[in-house]
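In what follows, a structure is listed as structure tokens, so that the remarks can point back to it.
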Amino acid sequence: MDDKRLQTEFDEYFEGVELPQNLTADAKAQVKPRKNRAGLKWFLRLAPVAVAIALVIAAAAMFFPSFSAGGNMSGAAPGGNQSAGGAGESNPGEGPGEGDNPFYSLAELEASRENPYSSSLAGMGFAKTLALASNAAVELTAYYGDGKIRVARADISLVNGQYRHDAVIYAEYSDGNMQLGDFIDYTYGAERYFRGQRYNVTADYDGGEEIYKIYIAAGGIKYYLSVETSESDGYLLYLQLLEKYF
Numbered sequence: 004m005d006d007k008r009l010q011t012e013f014d015e016y017f018e019g020v021e022l023p024q025n026l027t028a029d030a031k032a033q034v035k036p037r038k039n040r041a042g043l044k045w046f047l048r049l050a051p052v053a054v055a056i057a058l059v060i061a062a063a064a065m066f067f068p069s070f071s072a073g074g075n076m077s078g079a080a081p082g083g084n085q086s087a088g089g090a091g092e093s094n095p096g097e098g099p100g101e102g103d104n105p106f107y108s109l110a111e112l113e114a115s116r117e118n119p120y121s122s123s124l125a126g127m128g129f130a131k132t133l134a135l136a137s138n139a140a141v142e143l144t145a146y147y148g149d150g151k152i153r154v155a156r157a158d159i160s161l162v163n164g165q166y167r168h169d170a171v172i173y174a175e176y177s178d179g180n181m182q183l184g185d186f187i188d189y190t191y192g193a194e195r196y197f198r199g200q201r202y203n204v205t206a207d208y209d210g211g212e213e214i215y216k217i218y219i220a221a222g223g224i225k226y227y228l229s230v231e232t233s234e235s236d237g238y239l240l241y242l243q244l245l246e247k248y249f
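Taking this note's numbering, the leading residue of the sequence shown gets 4, the next gets one more, and so forth.
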């Protein structure tokens, strides 16, 4: 069958069929200019075949909309809010108690200054002892959420012999599996024991002084300690302060 006869049969086949206006326009946009007329002649010969294939694809999209662009192939109802990981999974960044995320942040709580001489914050009784000491100073802060105290903080400066200490102790009173996410790295330190109480500790250097990070869970309270001092193992002084709560 020669090219002329083939062209005539294609013309008869498509006679009376109205193609979408953008179909051929899109096809043109994808065709790059040829550098020689021989290539253009071959394209003109194959153009009817390309149009036929495009028409078949358009018909398939009409009868099987799930194959068209924007079709919903997931099986979920339109407008659904499923995550890529499946139904029931929580999204990152959710607040405390939302979805399955057990973490919360100090930034979500309301801070209030406490009097270290008369405070009744659980697990922070050592603050009064430090406030009365001649070689120490302490400030207390309580963090509230949902009308309850969630976290207490003690900022401590003291001199132990010839060594200066700067320390911060957080006591967390969270319910259930909720955990303060600000200090989650404290829980990954090396495991050690102090008079039968397990704790985790890591050490970093800053300006010639060590910064110890300690995590302790005891007496229903989670403690996070940051101690900066040049005294070797100087953090043990604070474990002694907390010993009565173990």
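Glycine included, each C-beta is placed from N, C-alpha and C at the ideal position. Values in this document were obtained by computation on a predicted structure and should not be read as measured data.
Residue j beta carbon less than 8 Å from that of residue i
i: residue 152; j: residue 120; result: no
i: residue 216; j: residue 248; result: no
i: residue 109; j: residue 154; result: yes
i: residue 195; j: residue 204; result: yes
i: residue 245; j: residue 226; result: yes
i: residue 107; j: residue 184; result: yes
i: residue 144; j: residue 116; result: yes
i: residue 159; j: residue 135; result: no
i: residue 122; j: residue 130; result: yes
For residue i, the nearest candidate out of the options (CA to CA)
i: residue 186; options: 233, 157, 196 and 228; result: 228
i: residue 3; options: 124, 181 and 148; result: Absent from the model: residue 3. The displayed extent of the chain is 4 to 249, so no value can be given.
i: residue 128; options: 174, 150, 164 and 114; result: 174
i: residue 1; options: 224, 239 and 223; result: Here the chain covers residues 4 to 249 and nothing more, so residue 1 does not appear.
i: residue 105; options: 196, 139 and 180; result: 180
i: residue 139; options: 220, 118 and 162; result: 162
i: residue 156; options: 164, 146 and 150; result: 146
i: residue 148; options: 117, 246, 206 and 112; result: 112
i: residue 206; options: 183, 245, 165 and 234; result: 234
i: residue 210; options: 232, 144 and 116; result: 232
i: residue 201; options: 166, 214, 222 and 150; result: 222
i: residue 224; options: 117, 132, 126 and 160; result: 126
i: residue 213; options: 237, 192, 182 and 131; result: 237
Beta-ladder partner(s) of residue i, from DSSP
i: residue 209; result: 212
i: residue 244; result: DSSP, once it has assigned bridges, lists no residue as partnering residue 244.
i: residue 106; result: 182
i: residue 231; result: 169 and 214
i: residue 187; result: The partner list for residue 187 (beta bridge, DSSP) is empty, contrary to what the question assumes.
* **Uninterrupted beta strand (DSSP E) stretches inside the segment 109-177 (no shorter than 3 residues)** => 113-117, 139-148, 151-163 and 166-175
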